[in-house]
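Novice:
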Amino acid sequence: MTDSGHIPAPGGYFGKTLVVDVTDGSATTLELPERVLRDYLGGAGLGVWLMNELAPPGVDPMGPDAPLAFVFSPLVGTPLTTSAKFAVVAKSPLTGLLTDALASSHFAISGKLTGHDAIVVTGRAPAPSHLLIDTEGARLVDAAPESGMAASDAEESLRARYGRRWRAASIGPAGEHGVRYATISHDGRHAGRGGLGAVMGAKNIKALGVQGSARPALADQKAVLAAAKDLRSRSFGPATAKYRELGTLSNLLAFNAISTLPTRNFQAATFAEAPMLSAEGLAESRSVARNSCASCSIGCEHIYASKGGKKTRVEYENVFALGPMCGVSDPDQVLEASARCDALGIDTISAGGTIAWAMECVDRGLLDAPWLRFGDGAALLRVLAEIGSRTGVGELLAEGSRRAAERIGQGSAAFAPHVKGMEMPGYEPRTMQSMALGLAVNARGADHNRSGAYEADLKGGLDRAHGASEHVRAAIQTEDRAAVMDSMILCKFLRGVFTDPFAEWAQLLSKVTGWDVDGDELHETARRIVRAKRAFNVREGWTAADDWLPERFLDSPLELASGRTVTLPAARLRAMIDTYYAERGLDPQGRPLPQASATSATETE
Amino acid sequence: MTIVDRARRLDRAAAGVVLAGGRSTRMGTAKAALEWHGSTLLRRVTGVVGRAVDGPVIVVRAPGQELPALDPRVLVHDDPAEGRGPMQGLAVGLAAAAEHAPFAFVCSTDLPFLHSAFVAAVLRGFGPGEPEGHTDVVLPHVGGYRQPMAAGYRTDLAPRVEKLIDAGRMRPAHLFEEVTVRQLDEAMLLADPRLADADPELDSVLNVNAPEDYRAARARPEPDVVVERFGVLATKSGARGPSRVRAATIGAAAERVGLALEEHGGHILAAINGDQIRGDAEAPLEAGDTVSFISADAGG
Chain A
128 MTDSGHIPAP GGYFGKTLVV DVTDGSATTL ELPERVLRDY LGGAGLGVWL
178 MNELAPPGVD PMGPDAPLAF VFSPLVGTPL TTSAKFAVVA KSPLTGLLTD
228 ALASSHFAIS GKLTGHDAIV VTGRAPAPSH LLIDTEGARL VDAAPESGMA
278 ASDAEESLRA RYGRRWRAAS IGPAGEHGVR YATISHDGRH AGRGGLGAVM
328 GAKNIKALGV QGSARPALAD QKAVLAAAKD LRSRSFGPAT AKYRELGTLS
378 NLLAFNAIST LPTRNFQAAT FAEAPMLSAE GLAESRSVAR NSCASCSIGC
428 EHIYASKGGK KTRVEYENVF ALGPMCGVSD PDQVLEASAR CDALGIDTIS
478 AGGTIAWAME CVDRGLLDAP WLRFGDGAAL LRVLAEIGSR TGVGELLAEG
528 SRRAAERIGQ GSAAFAPHVK GMEMPGYEPR TMQSMALGLA VNARGADHNR
578 SGAYEADLKG GLDRAHGASE HVRAAIQTED RAAVMDSMIL CKFLRGVFTD
628 PFAEWAQLLS KVTGWDVDGD ELHETARRIV RAKRAFNVRE GWTAADDWLP
678 ERFLDSPLEL ASGRTVTLPA ARLRAMIDTY YAERGLDPQG RPLPQASATS
728 ATETE
Chain B
3 MTIVDRARRL DRAAAGVVLA GGRSTRMGTA KAALEWHGST LLRRVTGVVG
53 RAVDGPVIVV RAPGQELPAL DPRVLVHDDP AEGRGPMQGL AVGLAAAAEH
103 APFAFVCSTD LPFLHSAFVA AVLRGFGPGE PEGHTDVVLP HVGGYRQPMA
153 AGYRTDLAPR VEKLIDAGRM RPAHLFEEVT VRQLDEAMLL ADPRLADADP
203 ELDSVLNVNA PEDYRAARAR PEPDVVVERF GVLATKSGAR GPSRVRAATI
253 GAAAERVGLA LEEHGGHILA AINGDQIRGD AEAPLEAGDT VSFISADAGG
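In order, the protein sequence lines correspond to chains A and B. Counting in my numbering, the first sequence runs from 128 upward without gaps. Counting in my numbering, the second sequence runs from 3 upward without gaps.
#1: Throw me the rounded Cβ distance for the residue 277 (chain B) and residue 687 (chain A) pair, which I believe falls under 8 Å.
#2: I'd like to know if residue 373 (chain B) contacts chain A, where contact means its C-beta is closer than 7 Å to some C-beta of that chain.
#3: May I ask which residues mark the beginning and end of the beta strand (DSSP E) holding residue 295 (chain B)?
#4: Can you find at least 3 beta carbon pairs, one from the stretch 537-549 of chain A and one from the stretch 506-516 of chain A, that sit closer than 8 Å?
#5: Using a beta-carbon distance below 7 Å, is residue 282 (chain A) in contact with chain B?
#6: Using C-beta distances below 6 Å, list every residue in its chain close to residue 294 (chain A), excluding the 5 sequence neighbours before and after it, in chain order.
#7: Leaving out five residues before and five after residue 46 (chain B) in sequence, what residues of the same chain have Cβ atoms less than 6 Å from its Cβ?
#8: In angstroms with no decimal places, state the Cα-to-Cα distance between residue 201 (chain B) and residue 123 (chain B).
#9: So residue 327 (chain A) packs on residue 302 (chain A), CB below 8 Å; how close in whole Å?
#10: By the criterion of Cβ-Cβ separation under 8 Å, what are the contact partners of residue 84 (chain A) in chain B?
#11: Provide the residue span of the alpha helix (DSSP H) that contains residue 349 (chain A), from first to last.
#12: Taking the beta carbon of residue 129 (chain A) as the centre, do at least 16 other beta carbons fall within 10 Å, making it buried, or is it exposed?
#13: Would you kindly report the start and end of the unbroken beta strand (DSSP E) that includes residue 142 (chain B)?
#14: Can you give the Cα-Cα distance for residue 438 (chain A) and residue 416 (chain A), rounded to whole angstroms?
#15: Is the distance from the Cβ of residue 565 (chain A) to the Cβ of residue 548 (chain A) below 7 Å?
#16: Return the residues of the stretch 368-387 of chain A that lie within a Cβ-Cβ distance of less than 8 Å from chain B, sorted by chain order.
#17: Measuring CB atoms only, is the stretch 99-110 of chain B touching the stretch 147-156 of chain B, in the sense that at least three cross pairs come out at less than 8 Å?
#18: Provide the residue span of the beta strand (DSSP E) that contains residue 140 (chain A), from first to last.
#19: Would residue 732 (chain A) be called buried (16 or more neighbouring beta carbons within 10 Å of its own) or exposed?
#20: Based on Cα-Cα distance, which residue from B:214, B:17, B:234 lies nearest to residue 77 (chain B)?
#21: In chain order, what are the residue ranges of uninterrupted beta strand (DSSP E) at least 3 long that sit wholly in the stretch 91-174 of chain B?
#22: Expressed to the nearest angstrom, what Euclidean distance is found between the alpha-carbon atoms of residue 200 (chain A) and residue 640 (chain A)?
#23: My parser needs the beta strand (DSSP E) runs of 3 or more residues fully inside the stretch 193-244 of chain A; what are they?
#24: Under 8 Å by Cβ, that's how I've got residue 149 (chain A) and residue 312 (chain A) pegged, so tell me the actual separation to the nearest angstrom.
#25: If you measure from the beta carbon of residue 297 (chain B) to each beta carbon in chain A, is any gap under 7 Å?
#26: Using a C-beta cutoff of 7 Å, does residue 247 (chain B) count as contacting chain A?
#27: In chain order, what residues of the same chain have a beta carbon less than 6 Å from the beta carbon of residue 273 (chain A), not counting five sequence neighbours either side?
#28: How many angstroms separate the CA atom of residue 412 (chain A) from the CA atom of residue 456 (chain A)?
#29: Between which two residues does the alpha helix (DSSP H) carrying residue 372 (chain A) extend?
#30: Assuming the contact rule is C-beta atoms closer than 8 Å, residue 189 (chain A) and residue 325 (chain A) should be a hit. Round their C-beta distance to whole Å, please.
#31: Is it buried or exposed, residue 650 (chain A), if we count other Cβ atoms within 10 angstroms and call 16 or more buried?
#32: Check whether chain A comes within 7 Å of residue 276 (chain B), counting only Cβ atoms and requiring the distance to be less than that.
#33: Rounded to whole angstroms, what's the CA-CA distance from residue 699 (chain A) to residue 251 (chain A)? Just pull it up for me.
#34: Measuring from the CB of residue 190 (chain B), is there a heavy atom of the ligand PLP at a distance below 6 Å?
#35: Going by other Cβ atoms of all chains shown within 10 Å of its Cβ, with 16 needed for buried, is residue 173 (chain B) buried or exposed?
#36: What residues from chain B crowd round residue 687 (chain A), counting only those whose CB sits closer than 8 Å?
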């Protein structure tokens, strides 16, 4: 204890969260006890703890009482590669459940330099505003000049007005219009999934600006530096070659070859025109630049030139969602669609999934928008603009595929490509049945980052087309690993460089914080975080029926190139989910058991 | 048994059983361990059967028999008594397979040209409506002989086979006298277009008994396969587009296109015909296969 009576925080932490009510700009400090930090680490883990503490049960995600948390981590600001990351956490307007999205940029470093482990925004500003936070505190400023701007333009404008030392996470027009899958962006990186931009927009906040000079001590600075040097050198090895050389888009042709590339709203799992959109093809036909996130030595970002000299950052997920999923094969149109999503501030996966569902509805005569057809790149660009402005058919599609299908009816819910309301990423669940489980049970909804179960399907040790108990266990392991990586925070593209992940992560954490944490404790921390997310969802009305896949995937056969027909019988998925509940120590309805409740503030006093 | 394992028992169609024992008197050495283009006969046969069944592959070995390296998913069961012939192995194998699936393809280890299309064609002989139907054995009839060691069996026949053994009736023909056998002649088998294309001579049933059989079989060219490379494997080698090579295993296919799997430290995998994904160099290839080398770190 210091002379002032304040208990010093562990290394890498300040031990406090700034909570700002933007209704009047008032700010309070929430102390974060060491027990909470050790139990939830930071990022997504600390974010869910904050939600369980601060979100009123049943809160409207777009209402003023809903908290929106920007959460840093003990590793932010250290020289450890890929550590400049932050999590944005809230109750999702898309799913009505927890969502947490990560992004990597200097915003994480500057945000932590304000002297806080997290910043929570509540309330609703009386007029469009920016929230600026530095070591002096918080203030609201007029955002009228940036109204309607793309996030990147708003960032630039804010820095031009207030100084370049500010870093700003901003929403685009879609966030201002309450599109339920709007993003929050900084420096071209996006906290993409679950509609966090709509939550921020509902608070009348265009951008959160941060800057500061507060730095937490590290428990063993010298050891952290040595670990950083080692990790950096390992990050240049074969485990990250794919990301460095071609980026995540190199998945496209590989996934096409193994019938797991969702095409035309999951009506097929291969796309004949895939080579036109592939990383290998694009790298040959146009200039490509590589870039890295702040503090990253991998450099996975690949920026391709498109028509008119534009530069577009390309990932597998945006190309899959706006290309094969919508049947569009023209690379210029797909790159332009991706750039349009970035400019509007919308999640490419949810946009692509919702549009593909609408295209199928048009094919089936269920939706009166005859121009919106699979394969039509111009229609794709038009509908994106309508979604961003909530005009025309965009008013319906801005709600996401689940709500849109509820409104349209006529059986269209059976092929709405979502879990819990969140649109599905680019993995065909019938040919990746570990992933099928991961998609079904994950707290965030259909998600490939909180459950990386596709790893088990692609490693070759299991029959990916026939889920069983070993697939369940593999899916649980990937969830646990993700829970720690998303909370420490380290980039998942580093995962292949760790041979004994929990033990190695514990060592890193120990050097930063001074805790004598080991791999077993960290594994338990992972389980606690996964459980806390589920507990939040249960509180917000989740039921076991939400852990399920759309009807399209169940009992309907899909033929592989080998001639083998694969199916995912509903009974098999049910059995896998029941096994997941049992292995996770949940009750038969998938609810955390009472004795496994999350750490509460009162327990930590 | 977990909940999901119980469900799996219900929706698996077939397992594989490979009998690895036997005296190999004429060969003079255990056939299971015979070298086969950088792999072994048993490794190859178990791999080929595994490609055609959705249940596990079970190897039945003689007491104390040492086996060559196998895919770790292969289940090994011991034959409690040595030298009692194929019926003993059949009883053990079917009893083990019954835990996983209603049907099993059963074969010996000495079939170097066994093709997964043959296994699939035989299992298809059980027809729709099984397991409620009444076929107990699907028995190929090729080259003038019945082929009980390359045939399909209901796994619930295990107790009947044991009874026959107890009664000293030690030949598969004794079983066939008592149960419903569906015989598939060559024309019936070759009516399957995939099998007709992959193995028109039905060499799948060609067994090697003597050293000269083995040498002749080994002298045949390796299967003709197509290799594709994706991602950095394509861009770095400047080798976009498919290549045709002769290779009996994934490792050989990689080597033929200048890809050193070991240099990539387990970060390269191969998908065979867009289906099963393998990382082990000894995984067998068959004529007509397309092998796609991909990054093991797919995702993100």
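Even glycine gets a Cβ: it sits at the ideal position worked out from N, Cα and C.
Specialist: With the structure as the only source:
#1: Sure, about 5 Å apart at Cβ, within 8 Å.
#2: Since the first residue shown for chain B is 3 and the last is 302, residue 373 (chain B) is missing from the structure and cannot be characterised.
#3: Start and end: 292-297.
#4: They do not touch, by the three-pair rule.
#5: Against chain B, the CB of residue 282 (chain A) has no partner CB under 7 Å away; the residue lies outside that interface.
#6: Only 233, 234, 237, 337 meet the Cβ criterion.
#7: So the list reads 38, 286, once near-sequence residues are dropped.
#8: Cα to Cα, residue 201 (chain B) sits roughly 11 Å from residue 123 (chain B).
#9: Rounded, the Cβ-Cβ distance is 6 Å, consistent with contact.
#10: For chain A, the structure presents residues 128 to 732; residue 84 (chain A) sits outside this window and is missing.
#11: It spans 348-361 - the alpha helix (DSSP H) in which residue 349 (chain A) sits, taken as one unbroken run.
#12: In this prediction, residue 129 (chain A) has a pLDDT of 46, which is less than 50 and means its spatial position is unreliable; what the coordinates show is noted afterwards. Note on residue 129 (chain A): under 16 other CB atoms within 10 angstroms of its CB, so exposed under the neighbour-count rule.
#13: DSSP places residue 142 (chain B) inside the beta strand (DSSP E), whose first and last residues are 139-144.
#14: Cα to Cα, residue 438 (chain A) sits roughly 9 Å from residue 416 (chain A).
#15: Not closer than 7 Å, so no.
#16: Identification of residues in the stretch 368-387 of chain A having a C-beta nearer than 8 Å to some C-beta of chain B yields 368, 369, 370, 372, 373, 375, 377, 378, 380, 381, 382, 384, 385, 386, given in sequence order.
#17: Verdict: yes, contact present.
#18: Run containing residue 140 (chain A): none; DSSP gives neither H nor E here.
#19: Note that residue 732 (chain A) scores a pLDDT of 32, beneath 50, so its modelled location is shaky and nothing firm can be said.
#20: Of the candidates B:214, B:17, B:234, the one whose C-alpha sits nearest the C-alpha of residue 77 (chain B) is B:17.
#21: Those beta strand (DSSP E) runs which fall completely within the stretch 91-174 of chain B and span 3+ residues are 105-110, 139-144, 152-156.
#22: Answer to the nearest angstrom: the Cα atoms are 11 Å apart.
#23: Within the stretch 193-244 of chain A, the complete beta strand (DSSP E) runs of at least 3 residues are 195-198, 212-218, 225-231.
#24: Actually they are not in contact, since the Cβ atoms of residue 149 (chain A) and residue 312 (chain A) sit about 19 Å apart, beyond 8 Å.
#25: Answer yes: the Cβ-Cβ gap between residue 297 (chain B) and chain A drops below 7 Å somewhere.
#26: Chain A, which has no Cβ nearer than 7 Å to the Cβ of residue 247 (chain B), makes this no.
#27: These residues qualify, in order along the chain: 281, 284, 333.
#28: Each residue's CA atom was taken as its position, placing residue 412 (chain A) and residue 456 (chain A) some 15 Å apart.
#29: 368-372 is the span of the alpha helix (DSSP H), which, as asked, contains residue 372 (chain A).
#30: Yes, residue 189 (chain A) and residue 325 (chain A) are in contact; Cβ-Cβ is about 6 Å, under 8 Å.
#31: Residue 650 (chain A) comes out buried.
#32: With its beta carbon less than 7 Å from one in chain A, residue 276 (chain B) belongs to the interface.
#33: Distance from the CA of residue 699 (chain A) to the CA of residue 251 (chain A), rounded to the nearest whole angstrom, comes to 46 Å.
#34: Although the ligand PLP was asked about, the structure shown includes no ligands whatsoever.
#35: Exposed.
#36: Taking a Cβ-Cβ cut-off of 8 Å, the neighbours of residue 687 (chain A) in chain B comprise 275, 276, 277, given in sequence order.
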